[in-house]
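Numbering (this note's numbering), first residue to last: 15 to 158.
Set out below in C-alpha cells:
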C-alpha cells in the first residue's frame, strides 16, 4: 500500500512501503502486510497544492423542503470496501430512513453490484445510494 501509512488489513495487499519515520515501532505485530522500508522517504506530498480557501462560502445541499440527512461517505476505490463495512452501512441505512450512502464512482462497472446489494437488504438504492464523479481538480473534490 502506498499513500496510506497504516495497515489495510487486507490479505490481497502483500506489502507496505514506508520510511523509518512513518513505520510503527513493532511493525510485525501491527501490520498484516510485509514492510518495505524506503531509505529516504516513502512518499512525497504537496500539501500546499491541496489547500483550500476556508473563506469561501460554504455550499449546502440542505433546504427547507429536505429533511435532515445522515450522509455516509467513502471515497475509496471500490476494491477497498470490505463486505463487513458494506454490511454495516446497510444496517445504518436500514435503521435511519433519511440516511444516504455516497461512494466514489470508480469504477462505474461496480455500480449495479453495489445497488443490488442494497436492494437485497430492502433499501431503495435508486434513492439512497449516490455516486460522486472522479474530479481532476482536488480543490473541487475537497469542497464537495
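Just so it is clear, CB atoms sit at the ideal spot from N, CA and C, and this is done for glycine as well.
Report buried or exposed for residue i, applying the criterion of at least 16 other Cβ atoms within 10 angstroms of its Cβ.
i           : result
residue 130 : exposed
residue 139 : buried
residue 117 : buried
residue 141 : exposed
residue 32  : buried
residue 152 : exposed
In whole angstroms, give me the CA-to-CA distance for residue i and residue j.
i           : j           : result
residue 27  : residue 47  : 7 Å
residue 21  : residue 154 : 28 Å
residue 36  : residue 19  : 7 Å
residue 150 : residue 102 : 30 Å
residue 87  : residue 98  : 16 Å
residue 105 : residue 119 : 22 Å
residue 148 : residue 30  : 25 Å
residue 146 : residue 158 : 9 Å
residue 100 : residue 121 : 16 Å
residue 113 : residue 57  : 36 Å
residue 124 : residue 49  : 31 Å
When the distance is taken between beta carbons, is residue j closer than 9 Å to residue i?
i           : j           : result
residue 115 : residue 144 : yes
residue 92  : residue 128 : yes
residue 84  : residue 42  : no
By Cβ distance, which residues of its chain are closer than 6 Å to residue i, with the 5 residues on each side in sequence left out?
i          : result
residue 38 : 44
residue 78 : Caution is warranted here: a pLDDT of 47 is assigned to residue 78, below 50, making its placement in the model unreliable, and the coordinate value is therefore given only provisionally. None.
residue 90 : none
residue 23 : 46
Suppose the cutoff is 7 Å on Cβ atoms and the five residues either side in sequence are ignored; what does the same chain contact list for residue i look like?
i           : result
residue 135 : 104, 108
residue 51  : 32, 33, 34, 37
Skipping 5 residues on each side, what residues in its chain have a beta carbon closer than 8 Å to that of residue i?
i          : result
residue 94 : 22, 24
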